[in-house]
Each structure stands twice: as structure tokens, then as C-alpha cells.
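Undergrad: Sharing a structure below in C-alpha cells format, with a few things to ask.
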Amino acid sequence: MNSAMFIQHLLNSLTLGSLYALIAIGYTMVYGILRLINFAHSEIFMLGAYFVFWGVTLFSLPWPLAMLLSVVFTAGLGILVDRVAYRPLRDAPRISALISAIGVSFFLQNVAIVFFQAIPRAVYRPAWLENPIILGEVRLLPLTLFVPALSLLLMLGLVYVVYRTKTGLGMRAISKDIETSYLMGVPVNRIIAITFGIGSALAAASGIMWALRYPQLQPIMGGIPGFKAFIAAVFGGIGSIQGAVIGGLVLGFIEIMTVAFFPDLAGYRDAFAFILLIAILLYKPTGLLGARQEDKV
Amino acid sequence: MKRLIALCAAMLLALAGSAMAADNTVRIGVFLPLTGQNAFGGQLELEGVQLAHKKVGEVLGKKVELFVVDNKSEKVEAANAVKRLIEKEKVQAIIGTYGSSLAMAGGEVSEKAGIPQVGTSCTNPLVTQGKKHIFRVCFIDPFQGAGAATYAYKSLGLKKAAMLVDVANDYSVGLSNFFKKSFVKQGGEIVATLNYQSGDQDFTAQLTDIISKKPDVLFIPSYFAEGAIIMKQAKELGAAFKIMGGDAMDNPEITKIGGAAVEGFVHTTFPYDPSMQDMSPAAKAFTADWTKAFPGKEPNVNAALGYDAYMIIIDAIKRAGSAEPAAITKALAATKGFDGVTGATTINETHDAEKPVGLVLIKDGKKTYVGSITPEL
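Printed below as a string of C-alpha cells:
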């Protein structure tokens, strides 16, 4: 392998990894506060992508506006899901909410299959995203720069919200002890709704980025990326925002480099990625950054 | 004992029945999905059969009678349909069907009864596997791999090939095996074989590796959704090689999803299309007859396969000089170079058709039928 090829692989893993990171942030944030694995995250991810491309193709909205509207819609949808499917189960055992989340995931996916049909749809990308920047033998996609930057920005924004705002204070209080938070006058339901709103907005943002990178829409498109991002979040230490970003990047790196160094084993790349993750988790069960309990948002 | 006697009696009666029927007419059964999810293809195939029957209504001086039963796109119905054709209508040969699972369900029944069955467009290798009396006029899926290899090596003069294979998909693995065998046998070299699994969306690692091996052609026997994404990523990574695929890429959406990235892509398909340039006399005659019989309706490959299924049975009866099921089976198995609408057809030892493979090129955002090629196996 020459150095140009290695750099190309490195750039490929940066793109894939930062997409995983972006999805993982949303997972980890909801988990960190509610101890709920929001399985519907993959479906919100898918809907976010569909909304943007409808905005652009059906209503001929400019890209930034379509993205903004999609993020707002999915945030609303997230709050609605919380109100309908999770809030009534707030006092129920945690497993009930988990099952409810799986139910919401299947429900949204099947509704999408009925209304959007199962056939894949093309995504029309803005021209400036289509053409790679050519640096010698290496090809750099504009998204390769854009997605990591966005992931970083959202990560910093989220850390700011959680640690520097009053809402964030409420979130951290709820994550420590929900009942005491009630007693102390924290508006628990409102804070949780905001959490779901932000989580869903993040899912939509990652869905949009994913669809720009892999330009195809399908009702089941959230499944595998969502699953991988979940693994990344656990690997980084679920509940930790920085951990999710690191986990996503590491997973993308392992996936690409497995194929790069062992091309014959390309068909087993998921197996390798996950074996490594299992090994790391056996050694460090809380994930990379999940050790200090009080750091969880 | 009583049951055995009853069974023997029933069998004798059945034999007598079919022998009696055979005296004045040749009875051919047709089971196709005329309702349900596969109705569109089934209807076209039936019309193809009927067109052929109208053209050649007599064999060995006997009138040919068609018995049509709808299998309703359901496996249980398919088995019932064949049962009815054999037991009630006493047919000597059966045509059907569109849909591999339907052909398999019906095939079990005809195999047991020893009645020859000729499949129209059931392409799964399992349909004829281990069966004595089941045949088909279409080629099995993987066969196209050899067609793609022959076109790449012989017609385009490409000597180095790479493959990107979905290891979680039989179709993909089958096609790649046939491609490799044919390409290497002709003198070509496979420089890289990389795998992925259905559902993957990131192929950059595999493609970067493939690009570094500098192949002339990349064969991707994938489904069209993945195929389009693979081609987009290949283009983004600066791939300059030719890309080829199988008939799973034969979908009108491919140009929409793939856009400029699918330009120049070639995929294999069945060797008939009304827009094809170098039509054989048989195909020309079929197209003319069809347009006369169904004005305003385009013929397609399903109609052509229905037509061929009927004609190949008539051909077998002629060569056998008898319309007894056993004789038809024997003659069908010996079919060589039968001049069908979908090309010169030879039935091989697994009872599958070996025939030319059609090629479609995507040019200026449109699918263009470029011709057919006889694969080197």
C-alpha cells in the first residue's frame, strides 16, 4: 500500500466515522439523561433525510431552509413520540419504556414503508457536494471536511447546553435522580421533552448528512447505521458525548482499515469490527469515557 | 393390501385415461399467475403461449389443446393447479411458470406424476435441481455471469477484471463464480475479488483497494440500489474502469438513482427486447405476429419466453414422434440449438437453457439494448 492509498483510506474512515459519531451523539444524549435506549432514533434519522429531500424536490425550497425545516419537524416529532410513547411509562419499570421504544421504531418504519414505498429514491445533491477535490492521487470529498466539522460543532454545542445552561442543569439533575428533581421543582416533563427534541434534531442532522454521503433514501435506511452508531456510543461510554464522537471515529476507522489491510476478509468486516469492540468492552466494560459516573450528562 | 390394490387401480385408470386422451389430441397444460402479485408477468407469458398455439395448433397430425389454470401467485395454488392439470385434464406436458417459488411448488407435483414441465421465467437454480421431468427455457441467474465475462473479454477486449461481491446473497455469489470461471478460461485475469454484505452503504474501502489494482473492468453482480451507490462512490474515488452487472440492475430507476455515475454501465439480461437491432428471424416473426395480435401493446421478454416454452414442447413432440409424457421428457432433455425467439437454446444436463445473453448499455441516461452474446462456459 502506498502513502496516497493510505491517506485515501484515512479520509474514507474519517467520513464514515464522523457520520457514525453524529448519529451516536443523539443516542448517547438521550441515554445519558433518561437511561433509555431510544430505538426510534434510527427512524427519526430516516424521516429527517426524507423531509429534506421532499422540501427540496417537492416544494423547491433552498437547501439551508429545507434542512432547517426538517430539523424543526423531526424535533417536534421526537417530542410527540415522547409524549405518546414514553411519558406515560415514566414510572413504569425501565424495560417497559425500552419495549415501547422498539415498538415506536417498528411503527415508524412500517408507516414509512406504506407511505413512501420500499423502493429506494434518488437524492439530488447540490453541485458543490458532487465533485471531489483532487490532490494528486487522493480524492477529497467536500463532505469529508464538512461532516467532522459539523459533528465537532454539535458536540461542543451540546456540551455547552448540558453544562452551561439552566436547562442543562435540569437535565443533569434528572439523570442523577428523577424523583428528587420533581421534589426540587425541576420541570421534569418539559426538560425531558426538550431532551427528546434535541436528540431528534441531532438524528435528523445525521440523517441528512448520511443521505448526502450515500445518496439514496429507503424506509429501512436507518437500521444499520443506527445499530452501528449505537455500538459506537456504547464503545465510547454511553452517556458521554465526547465518548460517542471518539467511538464513532474508531468504529469507522476499524471498518475501513480492516478492508484496507485485509482485502480478502472484506466480507467479514463487521465481524472484525465487533470482535474488537467486544474485546475492548471486556477489558473496559463502561466504554472508553464512561468510567466516571458523575461525568454522564 | 386393499389400499395398494386401490392405488394400482387408480394408476391404471390414470394411465388409461391419458392414453385415451392422447389418441385424438395433444393436451398441454399451462399454469401461470394470472392474478396476485405476479399477474403482470404471468399474463404476458400466457399471451405468448397463446400466440404460439395460434401459430402452431397441430403436431403429428393431432390437434393441440391448451388448458390454462391460474396459480394466483401462491405456492399452494400452484401445486393445486398442476394437480388439477394432471389429474382432471390429463395433460401430457405442462408450461409454467413465472416465479421460481411457484415453479418449485408445481414442479414437485409434475415430477411425482412424471409429466414434463417447462418453466418460462423461473431463474432460481433450485427449480430444476435433482428433477427428472422439470425443464426451463430461461437460463439460470448465475449463467449471466459467463455472458458478462464473454462480452468483457471478447467484445470489449478487457483483460483484467475485478469483482465486488455481496457474500450474503446467492444471486451475487453465483454470478461472480460464473464470471470468474468464464473470464479466466478465456485467458483473462481476475486482479481483485472483494466482498461486502447486503445493506452496506460504504464501499470506499473496497473501491480504493480495487482502484489500486488497476483493473480494466469491474463486475458488480448486485441489486440495483447498491449497484448505483457503488458506481457513485467509484466515480467519486476517480475510478476509470468499465463497470458491468447482472439483470438485477435492470430497473428503470437505475438511471435516476445513479445519475451521471451509471453512464456507460453495461448489464446482462434476457436476450429479447422489442427495441433490439439485430433480431433473429424467429424474433422478427414473433414481434410481427405479436403486434398483429395485440396492437398497441409492446411484446416483452416474458411473452417471448412463454412463446418459446410452447414451441420447445412442440419441437420435442415432433422429434420424439410421440406425445407420451416419457417420450417428451426424453426429447426435451436432448434439445440442442432450438431456434427460439430468445435465441438458439440448448437444454444442458441440469435441464436449464443455455442460450445467448442480452446486453444493455446505459447511454445518455437511457437504457439501450446493444445485442446478445453466446457465453463461453
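Chains as they are written, first to last, in this note's numbering: chain H, 115 to 411; chain X, 67 to 443. Every residue, glycine too, gets a C-beta built ideally from N, C-alpha and C.
1) On a Cα-Cα basis, can you pick out the residue from H:A315, H:M371, H:L130, H:V364 that is closest to H:G140?
2) Measure how close the beta-carbons of X:K206 and X:P191 come, nearest whole angstrom, since I'm counting them as under 8 Å.
3) Would you identify the three-state DSSP class for X:D282, choosing helix, strand or coil?
4) Counting C-beta neighbours from all protein chains within 10 Å, is the total for H:M115 16 or more, i.e. buried, or is it exposed?
5) Any beta-carbon of chain X closer than 9 Å to the one on H:Q223?
6) Would you kindly check if the distance between the Cβ of H:V261 and the Cβ of H:L136 is under 9 Å?
7) May I ask you to list the residues that DSSP assigns as paired with H:Q330?
8) What does a CB cutoff of less than 6 Å around X:V257 pick up in its chain, not counting 5 residues either side in sequence?
9) Comparing C-alpha positions only, which one of H:M119, H:A118, H:L128 sits nearest to H:L266?
10) Per DSSP, which residues does H:T129 bridge with? Please list them.
11) For X:I439, collect the residues of the same chain with a Cβ closer than 7 Å to its Cβ; drop the 5 residues on either side in sequence, then sort them by chain order.
12) H:P332: which of H:S117, H:S132, H:G146, H:F159 sits nearest, CA to CA?
13) Pull out every residue of the region 417-434 of chain X whose Cβ sits closer than 7 Å to any Cβ of chain H, in chain order.
14) May I have the straight-line CA-CA distance separating H:L390 from X:L110, to the nearest angstrom?
15) Compare the C-alpha of X:G372 against each of X:Q116, X:D268, X:Q267 and name the closest.
16) Measure the CB-CB distance between H:A226 and H:L150 and report whether it falls below 9 Å.
17) Which same chain residues, not among the five before or five after H:K410, have their C-beta less than 8 Å away from its C-beta?
18) Okay, do the region 92-109 of chain X and the region 122-142 of chain X touch, 3+ Cβ pairs below 8 Å being the bar?
19) In angstroms with no decimal places, state the Cα-to-Cα distance between X:A88 and X:Q158.
20) Which residue's Cα is closest to the Cα of H:Q330: H:S132, H:Y164, H:Q122?
21) Based on DSSP bridge pairs, tell me the residues matched to X:I256.
22) If you draw a straight line from the alpha carbon of H:A189 to that of H:E244, how long is it in whole angstroms?
23) Assuming H:A105 contacts X:A327 under a Cβ cut-off of 8 Å, what Cβ separation, rounded to an integer in Å, is found between them?
24) Exposed or buried, X:F352, counting other C-beta atoms within 10 Å across all chains shown (16 or more means buried)?
25) By a C-beta neighbour count over all protein chains shown, 10 Å radius and 16 as the cutoff for buried, is H:R412 buried or exposed?
26) State buried or exposed for X:E255, treating a residue as buried only when at least 16 other CB atoms are found within 10 Å of its CB.
27) Label X:W356 either buried or exposed according to how many other C-beta atoms from any shown protein chain fall within 10 Å of its C-beta, with 16 as the threshold for buried.
28) By the three-class DSSP mapping on this structure, what secondary structure does H:F153 have?
29) Please check the pair X:S176 and X:I161, which I expect to be a contact at CB under 8 Å, by giving their CB distance rounded to whole angstroms.
30) Against H:L363, what residues of chain X qualify as contacts under a CB-to-CB distance less than 8 Å, listed in chain order?
31) Please list, in chain order, all residues of the same chain as X:T321 whose beta carbon is under 8 Å from its beta carbon, the five residues on each side excluded.
32) Rounded to a whole number of angstroms, what is the C-alpha to C-alpha distance between H:P207 and H:A199?
33) Does the region 163-174 of chain X come close enough to the region 142-153 of chain X that 3 or more CB-CB pairs lie under 8 Å?
34) With a Cβ-Cβ cutoff of 9 Å, do H:S156 and H:P339 count as a contact?
35) Might you give, ordered along the chain, the residues of its own chain that have their beta carbon closer than 7 Å to the beta carbon of X:F244, omitting 5 neighbours on each side?
36) Starting from X:N261, find everything on chain H with Cβ-Cβ shorter than 7 Å and list it in chain order.
TA: Looking at the coordinates:
1) Here the question's residue 140 of chain H lines up with position 26 in the first sequence. The candidate whose alpha carbon is nearest that of H:G140 is H:A315.
2) Mapped onto the second sequence, residue 206 of chain X falls at position 140. Mapped onto the second sequence, residue 191 of chain X falls at position 125. Before going on, a small fix: residue 206 of chain X reads as Ile here, not Lys. Confirmed, Cβ separation roughly 5 Å.
3) By one-based count along the second sequence, residue 282 of chain X stands at place 216. For X:D282, the secondary structure class from DSSP, reduced to helix, strand or coil, is coil.
4) On the first sequence, residue 115 of chain H is found 1 positions in, with the first residue counted as 1. Flag for H:M115 reads exposed.
5) As a position in the first sequence, residue 223 of chain H is number 109, starting the count at 1. Not one chain X Cβ lies under 9 Å of H:Q223.
6) Within the first sequence, residue 136 of chain H is the residue found at index 22, counting from 1. Within the first sequence, residue 261 of chain H is the residue found at index 147, counting from 1. Yes. Within cutoff.
7) Stepping through the first sequence from its first residue, residue 330 of chain H is reached at position 216. Answer is H:A236, bridged to H:Q330.
8) Translated into positions along the second sequence, residue 257 of chain X becomes position 191. K226, A228, K279, P281.
9) Counting from 1 along the first sequence, the entry for residue 266 of chain H is found at position 152. Looking at the Cα atoms, H:L128 is the closest of the given residues.
10) To locate residue 129 of chain H, count along the first sequence from 1; it is residue 15. Bridge partners of H:T129: none, in fact.
11) What you label residue 439 of chain X is simply residue 373 of the second sequence in a count that begins at 1. Excluding positions up to five away in sequence, the list reads G213, T216, Y217, S221, P422, V423, L425.
12) Along the first sequence, read from residue 1 onward, the residue named residue 332 of chain H stands at position 218. In the sequence as presented, Pro is not what sits at residue 332 of chain H; that position holds Gln. Of the listed residues, the one whose Cα sits closest to H:Q332 is H:F159.
13) none
14) If you number the first sequence from 1, residue 390 of chain H lands on position 276. If you number the second sequence from 1, residue 110 of chain X lands on position 44. Rounded to the nearest angstrom, the two C-alpha atoms are 53 Å apart.
15) In the second sequence, residue 372 of chain X corresponds to position 306, counting from 1. Measuring from the Cα of X:G372, the nearest candidate turns out to be X:Q116.
16) One-based indexing of the first sequence puts residue 226 of chain H at position 112. One-based indexing of the first sequence puts residue 150 of chain H at position 36. In this structure, H:L150 does not lie closer than 9 Å to H:A226 by Cβ.
17) Counted from its first residue, the first sequence places residue 410 of chain H at position 296. Any answer about H:K410 is weak, because its pLDDT of 47 lies below 50 and its placement is not dependable; what the coordinates show is given next. Cβ within range, chain order: G146, S289, G353, S354, G404.
18) By the Cβ criterion, the region 92-109 of chain X is in contact with the region 122-142 of chain X, since at least three pairs of Cβ atoms, one from each stretch, lie closer than 8 Å.
19) As a first step, residue 88 of chain X must be located in the second sequence, where it is residue number 22. As a first step, residue 158 of chain X must be located in the second sequence, where it is residue number 92. Interpretation of X:A88 is limited by its pLDDT of 47, a score under 50 that renders its predicted location unreliable; the figure taken from the coordinates is listed afterwards. So the alpha carbons of these two residues sit roughly 8 Å apart.
20) Indexing the first sequence from 1 puts residue 330 of chain H at position 216. For the residues H:S132, H:Y164, H:Q122, the minimum Cα distance to H:Q330 belongs to H:Y164.
21) As a position in the second sequence, residue 256 of chain X is number 190, starting the count at 1. DSSP lists X:A227 as partners of X:I256.
22) By 1-based counting over the first sequence, the position of residue 189 of chain H is 75. By 1-based counting over the first sequence, the position of residue 244 of chain H is 130. H:A189 and H:E244: Cα-Cα distance of roughly 28 Å.
23) Given a span of 115 to 411 for chain H in the structure shown, any question on residue 105 of chain H remains unanswerable.
24) Here residue 352 of chain X refers to the residue found at position 286 when the second sequence is read from its first residue. The C-beta of X:F352 has 16 or more other C-beta atoms within 10 Å across all chains shown, which makes the residue buried.
25) In the structure displayed, chain H extends from 115 to 411; residue 412 of chain H sits before or after that span and is not available.
26) As a first step, residue 255 of chain X must be located in the second sequence, where it is residue number 189. Exposed.
27) In the second sequence, counting from the first residue as 1, residue 356 of chain X sits at position 290. When all chains shown are included, X:W356 counts as buried.
28) Taking the first sequence and counting its residues from 1, one reaches residue 153 of chain H at position 39. In the three-state DSSP reduction, H:F153 falls in the coil class, being neither helix nor strand.
29) Numbered from its first residue, the second sequence carries residue 176 of chain X at position 110. Numbered from its first residue, the second sequence carries residue 161 of chain X at position 95. Wrong, their Cβ atoms sit about 11 Å apart, outside the cutoff.
30) Numbered from its first residue, the first sequence carries residue 363 of chain H at position 249. Residues of chain X passing the Cβ test: none, with the nearest at roughly 14 Å.
31) Here residue 321 of chain X refers to the residue found at position 255 of the second sequence. Same-chain partners within the cutoff: V328, I428, G431, K432, K433.
32) For the purposes of this step, residue 207 of chain H is taken as the residue at position 93 of the first sequence. For the purposes of this step, residue 199 of chain H is taken as the residue at position 85 of the first sequence. Computed Cα separation, rounded: 14 Å.
33) Taking one beta carbon from each stretch, the region 142-153 of chain X and the region 163-174 of chain X have 3 or more pairs nearer than 8 Å; the two touch.
34) Taking the first sequence and counting its residues from 1, one reaches residue 156 of chain H at position 42. Taking the first sequence and counting its residues from 1, one reaches residue 339 of chain H at position 225. It is a contact, given that the beta carbons lie within the stated cut-off.
35) Counting from 1 along the second sequence, the entry for residue 244 of chain X is found at position 178. Here the set comprises P208, F209, G211, A212.
36) Counting from 1 along the second sequence, the entry for residue 261 of chain X is found at position 195. Result: A380, G381.
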